[in-house]
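Novice: Residues in the sequence shown are numbered from 0 upward in steps of one, following numbering that gives the first Met the number 0.
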Amino acid sequence: MVSQDELLERLKGLNFNQFEEVLFLLKIDPAIIPSYFAEQSIRAMRIIQRLKQEPEGLERLKKTLDEPIIRILGKQYTGYEIKDKVQRIVGEYIQQPFEGREKEKDQLDKFVRNNTSGVLLVTGAAGFGKSALLSHWQQTQHEDYFIVYHCFSHRYEKTRSLAEAY
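The following block contains the structure:
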């Protein structure tokens with residue numbers, strides 16, 4: 000018999016790409032679990048709750064976690080660790096209400112509308128809401144845009160510098 004607690008710990012320890020691959024291999028509709036902005040532990044618990052409804056669901060999860068592709072995705076690119084941390088930072092901001100900053104949002108919209116490529120640097124003193132602004136604004140954008148951004152946070156050592164992060 001497979002230990003539910005062990006499976007939960009294994010799911011919580013996966014990087015973002017490993018976790019998404021597990022969802023894909025299990026053929027679990029991503030719409031039935033919290034989005035990737037939620038804490039991974041919450042998403043992991045929801046997967047286990049879903050699989051407990053199947054007669055061999057937890058055994059199927061164990062077999063999936065033992066698949067070589069899951070291990071390979073964990074070692075293939077160390078940048079995933081940084082990506083995961085940035086997504087966690089973004090997730091923290093998304094879960095908090097955000098009001099105002101209409102002028103800044105309009106400037107971001109204008110940049111995306113008027114440029115097919117390019118870099119827009121958003122600067123300001125620590126604690127003035129740059130990451131919150133970008134996190135919430137990014138959620139309003141259509142899928143036809145590919146938006147890349149990096150949140151620098153003094154709380155997470157690996158995100159403090161681009162050179163150190165990647």
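For glycine and all other residues, C-beta sits at the position ideal for the given N, C-alpha and C.
Taking the alpha carbon of ILE69 as the reference point, which residue from GLY12, LEU57, GLU5, ARG112 has its own alpha carbon closest?
Specialist: Taking the sequence shown and counting its residues from 1, one reaches residue 69 at position 70. It is GLY12.
Novice: Three or more C-beta pairs closer than 8 angstroms, one from the stretch 90 to 107 and one from the stretch 49 to 66: is that the case here?
Specialist: no
Novice: Would you decide whether LEU64 is buried or exposed? Buried here means 16 or more other CB atoms lie within 10 Å of its CB.
Specialist: Position 65 of the sequence shown, counting from 1, holds the residue named residue 64. Classification of LEU64: buried, given that the 10 Å Cβ count is 16 or more.
Novice: Helix, strand or coil: which one does DSSP assign to SER34?
Specialist: Counted from its first residue, the sequence shown places residue 34 at position 35. Coil, per DSSP.
Novice: Given THR139, which residues of its chain have a CB within under 6 angstroms of its CB, disregarding the five upstream and five downstream residues?
Specialist: Taking the sequence shown and counting its residues from 1, the one referred to as residue 139 is at position 140. Hits under 6 angstroms: none found.
Novice: Taking all protein chains shown into account, do 16 or more other C-beta atoms lie within 10 angstroms of the C-beta of VAL121, making it buried, or fewer, making it exposed?
Specialist: Counting from one through the sequence shown, the residue named residue 121 turns up at place 122. Result: exposed.
Novice: Taking just the CA atoms, how far does THR115 sit from HIS14?
Specialist: Position 15 of the sequence shown, counted from the start, is the residue given in the question as residue 14. Position 116 of the sequence shown, counted from the start, is the residue given in the question as residue 115. Note on identity: in this sequence residue 14 is Asn, with His being the wrong assignment. Answer to the nearest angstrom: the Cα atoms are 31 angstroms apart.
Novice: GLU66 lies in the alpha helix (DSSP H); which residues open and close that run?
Specialist: Reading the sequence shown from its first residue, position 67 is the one you call residue 66. It is not in any alpha helix (DSSP H) - GLU66 carries neither H nor E in the DSSP assignment.
Novice: Am I right that LEU10 and ALA43 are in contact with their C-beta atoms under 8 angstroms? What's the rounded C-beta distance?
Specialist: As a working mapping, residue 10 is identified with position 11 in the sequence shown. As a working mapping, residue 43 is identified with position 44 in the sequence shown. About 4 angstroms separates the two Cβ atoms, so the contact holds.
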